[in-house]
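**Student:** Listed in order, the protein sequences are those of chains P and R. Read in order, the letters of the first sequence are residues 5 to 121 in the numbering used here. Read in order, the letters of the second sequence are residues 12 to 121 in the numbering used here. Where a beta carbon is used, it is the ideal one built from N, C-alpha and C, also for glycine. Quick one: the structure is below, questions incoming.
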Amino acid sequence: SAVISQKPSRDICQRGTSLTIQCQVDSQVTMMFWYRQQPGQSLTLIATANQGSEATYESGFVIDKFPISRPNLTFSTLTVSNMSPEDSSIYLCSAAVARGGTTYEQYFGPGTRLTVT
Amino acid sequence: GQNIDQPTEMTATEGAIVQINCTYQTSGFNGLFWYQQHAGEAPTFLSYNVLDGLEEKGRFSSFLSRSKGYSYLLLKELQMKDSASYLCAVGNTGGFKTIFGAGTRLFVKA
Chain P
5 SAVISQKPSR DICQRGTSLT IQCQVDSQVT MMFWYRQQPG QSLTLIATAN
55 QGSEATYESG FVIDKFPISR PNLTFSTLTV SNMSPEDSSI YLCSAAVARG
105 GTTYEQYFGP GTRLTVT
Chain R
12 GQNIDQPTEM TATEGAIVQI NCTYQTSGFN GLFWYQQHAG EAPTFLSYNV
62 LDGLEEKGRF SSFLSRSKGY SYLLLKELQM KDSASYLCAV GNTGGFKTIF
112 GAGTRLFVKA
């Protein structure tokens, strides 16, 4: 398994500013991901954080808005840029741990609750 | 593309058994996950089925039929603390990517 921590746990930010969320895993993991969960909804994948290269973004998400870094196998950051109230959400870091072959297990951090005013 | 369907809400009685169904359509199937999520908390991993059949883990069991694109999560001896959302998610062979369904909110009543 993997234990994942995130900082900050919550924040209230003003419109137009940016917030960087940090994610730390207690062991080296194969893949790291960033998800968003809006109130009452399920998880939406934002991007896959690739170690040493640019993140892979899902449809509807772009690098300019959500720049992601992954400098090593245990750490990643997500920045929410030029925030608007629509960005208010819970942002979740996730890590996939390979089980053998192509199979894997996936774990989540506690999330960062972001409110944009 | 991928499509995952599960019921929006279910209600069951404490001590009973409940089955939460999930159907999916995907390319590059790489296993099916079930997660539990209590309000305001992160999802907690429950199960991961790659092969057809039933896997039992305490009060929780998960079943997969790849040919039918179907899975279910079975919860036995329901407890009040089992009231939560249960998320069905499908893994993809392209980079261990996991896509989530909308979730089923389970209400356990006394």
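Check whether chain R comes within 8 Å of P:P12, counting only Cβ atoms and requiring the distance to be less than that.
**Tutor:** Here residue 12 of chain P refers to the residue found at position 8 of the first sequence. For P:P12, the answer is no, since every Cβ of chain R falls outside 8 Å of its Cβ.
**Student:** Where do the N-terminal and C-terminal ends of the beta strand (DSSP E) with R:Q115 fall, by residue?
**Tutor:** Translated into the one-based positions of the second sequence, residue 115 of chain R becomes position 104. It should be pointed out that residue 115 of chain R corresponds to Thr in this sequence rather than to Gln. Segment T115 to K120, the beta strand (DSSP E) holding R:T115.
**Student:** Measuring alpha carbon to alpha carbon, tell me which of R:I31, R:N41, R:G26 and R:M21 ends up nearest R:Q9.
**Tutor:** Outside the displayed range of chain R (12 to 121) lies residue 9 of chain R, so it cannot be described from this structure.
**Student:** Going by beta carbon distance, what residues of the same chain come within less than 6 Å of P:A100, once the five residues before and after it are set aside?
**Tutor:** In the first sequence, the residue the question calls residue 100 of chain P occupies position 96. So the list reads T34, M35, Y108 and Q110, once near-sequence residues are dropped.
**Student:** Please name the residues in the region 39-68 of chain R whose beta-carbon is closer than 7 Å to at least one beta-carbon of chain P, in chain order.
**Tutor:** Correct list: N41, G42, F44, A53, P54, F56, Y59 and V61.
**Student:** Quick check on R:L75 - is its C-beta less than 8 Å from some C-beta in chain P?
**Tutor:** As a working note, residue 75 of chain R is residue 64 in the second sequence. For R:L75, the answer is no, since every Cβ of chain P falls outside 8 Å of its Cβ.
**Student:** For the region 7-24 of chain P and the region 80-87 of chain P, state whether three or more C-beta atom pairs, one from each stretch, are separated by less than 8 Å.
**Tutor:** Contact between the region 7-24 of chain P and the region 80-87 of chain P is present, because at least three Cβ pairs lie under 8 Å.
**Student:** Could you check whether R:F111 and R:A95 sit closer than 8 Å to each other, using their CB atoms as the reference points?
**Tutor:** Here residue 95 of chain R refers to the residue found at position 84 of the second sequence. Here residue 111 of chain R refers to the residue found at position 100 of the second sequence. Taking 8 Å as the Cβ cut-off, R:A95 and R:F111 do not qualify as a contacting pair.
**Student:** Would you kindly report the start and end of the unbroken beta strand (DSSP E) that includes R:K79?
**Tutor:** The residue labelled residue 79 of chain R in the question sits at position 68 within the second sequence. It is not in any beta strand (DSSP E) - R:K79 carries neither H nor E in the DSSP assignment.
**Student:** Could you name the residues that DSSP lists as bridge partners for P:F79?
**Tutor:** What you label residue 79 of chain P is simply residue 75 of the first sequence in a count that begins at 1. Per DSSP, P:Q28 and P:N76.
**Student:** Quick one: measure Cβ to Cβ for R:L89 and R:V119, integer angstroms, because I've assumed they're closer than 8 Å.
**Tutor:** Working through the second sequence from its first residue, we reach residue 89 of chain R at position 78. Working through the second sequence from its first residue, we reach residue 119 of chain R at position 108. Sure, about 5 Å apart at Cβ, within 8 Å.
**Student:** How would you list, in chain order, the residues of chain P whose beta-carbon sits under 9 Å from the beta-carbon of R:A113?
**Tutor:** As a position in the second sequence, residue 113 of chain R is number 102, starting the count at 1. Those within 9 Å of R:A113 in chain P are Q45 and S46.
**Student:** Can you give the Cα-Cα distance for P:T116 and P:L49, rounded to whole angstroms?
**Tutor:** Taking the first residue of the first sequence as position 1, residue 116 of chain P is located at position 112. Taking the first residue of the first sequence as position 1, residue 49 of chain P is located at position 45. In a straight line, the C-alpha of P:T116 is about 15 Å away from that of P:L49.
**Student:** Near R:Y83, what residues of its chain come up, given a Cβ to Cβ distance below 8 Å and the 5 sequence neighbours on each side ignored?
**Tutor:** If you number the second sequence from 1, residue 83 of chain R lands on position 72. Within the same chain, R:Y83 has close Cβ partners Q30, I31, N32, C33, S73 and F74.
**Student:** Whose C-alpha, out of R:F71, R:L65, R:K87 and R:M91, is nearest the C-alpha of R:R77?
**Tutor:** Here residue 77 of chain R refers to the residue found at position 66 when the second sequence is read from its first residue. The candidate whose alpha carbon is nearest that of R:R77 is R:L65.
**Student:** Check for me: the beta strand (DSSP E) holding P:R14 runs from which residue to which?
**Tutor:** As a working note, residue 14 of chain P is residue 10 in the first sequence. P:R14 -> beta strand (DSSP E) spans R14 to C17.
**Student:** Bridge partners of P:S93, per DSSP?
**Tutor:** Residue 93 of chain P sits at position 89 when you count from the first residue of the first sequence. P:S93 is bridged to P:L118.
**Student:** Are there 16 or more other CB atoms within 10 angstroms of the CB of P:V120, so buried, or fewer, so exposed?
**Tutor:** Taking the first residue of the first sequence as position 1, residue 120 of chain P is located at position 116. P:V120 should be labelled buried.
**Student:** Mapping the DSSP letters down to three states, classify P:M87 as helix, strand or coil.
**Tutor:** Within the first sequence, residue 87 of chain P is the residue found at index 83, counting from 1. In this structure, P:M87 counts as coil in the three-state DSSP scheme.
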